[in-house]
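S.K.:
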Amino acid sequence: MPRRRDVDAYAYRRARAQLLAHSDVCALCGHAGATTADHDIPVSRGGTHGLDNLVPAHGTEGCPVCGRCCNQEKGDKTLTEFRAGRLNTSVDWYAGPEANGL
Numbered sequence: 009m010p011r012r013r014d015v016d017a018y019a020y021r022r023a024r025a026q027l028l029a030h031s032d033v034c035a036l037c038g039h040a041g042a043t044t045a046d047h048d049i050p051v052s053r054g055g056t057h058g059l060d061n062l063v064p065a066h067g068t069e070g071c072p073v074c075g076r077c078c079n080q081e082k083g084d085k086t087l088t089e090f091r092a093g094r095l096n097t098s099v100d101w102y103a104g105p106e107a108n109g110l
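Under my numbering, the first residue of the sequence shown is numbered 9, with each subsequent residue one higher.
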């Protein structure tokens, strides 16, 4: 029997509150001020709402430092797929391609 959606939503909200109480540093851009929890392995690809699958992220309001809507940019990629070949902050641009493994 499939899980009820409201049970899943409650589990996510509870885990998000626990996660953000511990840290608000976005796992996607590295800046503070994350307001939502992103799934490392997206639910659409079999991920769960458990704390071990959630990371802090900036939601639709965007990052106060870089302006990214990190959770939306990541989409249905895993955290590893999203980070592959991506420069995270403006500091990375100044470091040059060699420092970033490009």
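The beta-carbon is built from N, C-alpha and C at its ideal position, and this holds for glycine as well.
1. Hey, how far is the Cα of P72 from the Cα of T44?
2. Could you check which residue in D16, A23, P64, Q26 has the C-alpha nearest to that of H39?
3. Whose C-beta lies closer than 8 Å to the C-beta of V33 among residues of the same chain, with five residues either side of it excluded?
4. Looking only at its chain, what residues have a beta carbon closer than 8 Å to the beta carbon of R76, apart from the 5 residues adjacent to it on each side?
5. Should P72 be flagged as near chain D, meaning a C-beta pair shorter than 9 Å?
M.R.: From the atom records:
1. Residue numbering aside, residue 72 sits at position 64 when the sequence shown is read from its first letter. Residue numbering aside, residue 44 sits at position 36 when the sequence shown is read from its first letter. P72 and T44: Cα-Cα distance of roughly 14 Å.
2. Taking the first residue of the sequence shown as position 1, residue 39 is located at position 31. Closest option to H39, Cα to Cα, is P64.
3. In the sequence shown, counting from the first residue as 1, residue 33 sits at position 25. Within the same chain, V33 has close Cβ partners H39, A40, A42, P64.
4. Within the sequence shown, numbered from 1, the residue matching residue 76 stands at position 68. Cβ within range, chain order: L36, C37, H66, G70.
5. Included in the structure is just one protein chain, with no chain D present.
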